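As numbered in the numbering used here, residues 10 to 451 make up the sequence shown, in order.
Each residue gets a CB set at the ideal place from its N, CA and C atoms; glycine is no exception.
Fair warning: this is a prediction, and the values are worked out from it, not measured in the lab.
Here the structure comes first, spelled out in structure tokens, and everything after it is commentary.
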Amino acid sequence: MKKWMKQALLLLLVLCCASGCSLIYKDPEVDKQTVVLEVNGRQFLKGEVREQIDAELDYQVQLYAYQYGQMLDPNDPEVVSFVEDSVLEILVEEAVVDEKLAAAGFDVPTEEELATAQANADERYASYLEEILSFELADPELSEEEKLSAAEGMMAELGYPTKDAILESELQTIADNKLIEQVTGSVTLTEEELQQAFQERVEMAQADYEYDPSYYDMDVSDGTTIYYRPEGYRYVKQILIPLSDEDRQALADLNVEVENCIEELSALQDKFAEAETDEGLLKEHEAAEAALSAAEAAVAAKEEEAYTVLQPQVDAVLAALDAGEDFDALAAAYGSDTDMAAHTGEGYLIGASSESYVDAFREAAMALEQVGDVSAPVRSEYGIHIIRYAADAPSGAVELESVREVLTGEALQEKKNEVFRTQVESWVKEADVKVYKNRLSD
């Protein structure tokens, strides 16, 4: 009997070893306390590191879906290993930086810094609340207190940072900035480095705009610093005789009806293609076509009515232009383009690929042959435009002096970032780092 029991126990031991001892029970709470990283004696436990890894995996999954339209498998061993390495690397860097902050006394904020951090944190938290309240909690039946309470609960569910977490982040930023200044405060930028940064930006902008001309229009619209200007752009000015608000709304409503008719007809055409002999469907299809024609006729009639009301003003402007009156003065007297006031010097920058203007306006503006030419009246959803070709826009690289101040700030900051990055890498090399990556998956 004893011999049999010994053999059974021996067999169990062999099976246990062969299966990686999967029969051994691990207390989850104890497992969380496993050390997976040490940096100069500072220990990082499995539980907290695992949380950061899981959060980063979740972020990467969302990023791939949103930015690339692709699904990233968070269980893919290669993906998991890559994220684990990234998180461990970040933790090592943060640990050595924290040591330097403490050594310099930057980890203890002054009263003024604490007040600044608190004010910034309050502002950020309030903006998050407002975001939730405006988009998610517009229910007029809820009291302000109920809305606030519900918003804070929703913020917690969606993973928004708490007030304390935001304050901690603000304090960390203040401390980090002091250390960065200590390391990079003496860094300067030479003229040669500025010239190189300028040339790099010119070449990058040229490549971007040649790849997709619409990038230039977007950069101009967004107020991005321009380093290169593609050919084929011009400045135009306009006198806009606007449709009344009532007519614009009426036309918008009628156009919605046209779109609805088109959608209905499209759906019927799909059915009709499958059952051409269905008399009931044929009649329904004919009725839909008639409804679309009627809707389009209603739009055309309303447009004619609305534009006819504007014609006396248009005639007056054309007569004044024929008499040699100043275009800008007439724009101020007759036009109602509020944006034009900000473009009185040069006008609107426009090219053949510009997408920020309605088609009728862009096509008429680009059809003008000579600087000084004025278009015939152009109709659009906004009213009637009279467009003047004001000037050709310069092309090629901009003058360095026109961007020197902005570029100096950007290039100097980039150099400081690189200097600090190199210093952090040096601190990491000097640190006593022990990584136990295998313990993360044990």
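Extent of the continuous beta strand (DSSP E) to which residue i belongs
i	result
residue 430	Unbroken run through residue 430 is the alpha helix (DSSP H), 409 to 439; no beta strand (DSSP E).
residue 244	243 to 251
Coil, strand or helix - residue i by DSSP
i	result
residue 446	helix
residue 398	strand
residue 379	coil
residue 345	coil
residue 211	helix
residue 81	coil
residue 180	helix
residue 385	coil
residue 405	strand
residue 392	strand
residue 46	strand
residue 236	coil
Nonlocal neighbours in the same chain, by C-beta distance under 7 Å from residue i, ignoring five residues either side
i	result
residue 88	81, 82
residue 371	359, 363
residue 206	416, 420
residue 223	362, 364
residue 395	247, 248, 326, 383, 384, 386
residue 345	249, 251
Segment limits, alpha helix (DSSP H) that includes residue i
i	result
residue 64	55 to 72
residue 301	288 to 331
residue 365	Taken as a continuous stretch (DSSP letters only), residue 365 belongs to no alpha helix (DSSP H), as it is neither H nor E.
residue 357	No alpha helix (DSSP H) contains residue 357, which is instead part of the beta strand (DSSP E) from 357 to 359.
residue 196	No alpha helix (DSSP H) holds residue 196; DSSP gives it neither H nor E.
residue 91	86 to 113
residue 167	153 to 167
residue 39	37 to 41
residue 221	That residue, residue 221, is in no alpha helix (DSSP H); it is neither H nor E in DSSP.
Span separating the alpha-carbon of residue i from that of residue j
i	j	result
residue 196	residue 410	22 Å
residue 131	residue 172	7 Å
residue 43	residue 142	42 Å
residue 336	residue 311	30 Å
residue 296	residue 308	18 Å
residue 386	residue 69	53 Å
residue 49	residue 59	21 Å
residue 18	residue 39	Bear in mind that a pLDDT of 46 at residue 18, under 50, signals an unreliable position, so the number given afterwards is only what the model happens to contain. If you take the alpha carbons of residue 18 and residue 39, they lie about 28 Å apart.
residue 451	residue 163	35 Å
residue 67	residue 274	43 Å
residue 439	residue 108	12 Å
residue 22	residue 86	Reliability fails at residue 22, whose pLDDT of 47 lies under 50, so the model's placement of it is uncertain and the value that follows must be treated cautiously. Between residue 22 and residue 86, the C-alpha separation is close to 29 Å.
residue 301	residue 289	19 Å
residue 437	residue 56	23 Å
residue 449	residue 45	7 Å
residue 343	residue 135	44 Å
residue 10	residue 36	The predicted model places residue 10 with a pLDDT of 47, which falls under 50 and marks its position as unreliable; any figure quoted below should be read in that light. For residue 10 and residue 36, the distance between alpha carbons rounds to 35 Å.
residue 313	residue 402	36 Å
residue 160	residue 152	12 Å
residue 65	residue 262	47 Å
residue 78	residue 366	29 Å
residue 424	residue 414	16 Å
residue 157	residue 138	8 Å
residue 178	residue 133	11 Å
residue 114	residue 170	27 Å
residue 180	residue 254	51 Å
residue 185	residue 52	22 Å
residue 76	residue 229	24 Å
residue 318	residue 258	16 Å
residue 320	residue 265	26 Å
residue 95	residue 54	16 Å
Cβ-Cβ distance between residue i and residue j below 7 Å
i	j	result
residue 248	residue 339	yes
residue 377	residue 398	yes
residue 374	residue 359	yes
residue 225	residue 236	no
residue 368	residue 315	no
residue 260	residue 392	no
residue 189	residue 429	yes
residue 457	residue 176	The shown model of the chain, from 10 to 451, leaves out residue 457, and the question about it has no answer.
residue 404	residue 240	yes
residue 116	residue 110	yes
residue 9	residue 304	The structure shown does not extend to residue 9, since the chain is modelled only from 10 to 451, so the question has no answer here.
residue 62	residue 92	yes
residue 97	residue 442	no
residue 454	residue 211	The structure shown does not extend to residue 454, since the chain spans only 10 to 451, so no value can be given for it.
residue 412	residue 234	yes
Sequence-distant residues of the same chain with beta carbon closer than 6 Å to residue i, five excluded per side
i	result
residue 355	244
residue 432	192
residue 208	none
Chain-order list of residues whose beta-carbon lies under 8 Å from that of residue i (same chain, five-residue window excluded)
i	result
residue 183	118, 122, 125, 126
residue 455	Given that the chain is displayed from residue 10 to residue 451, the structure contains no residue 455 and the question cannot be resolved.
residue 329	339
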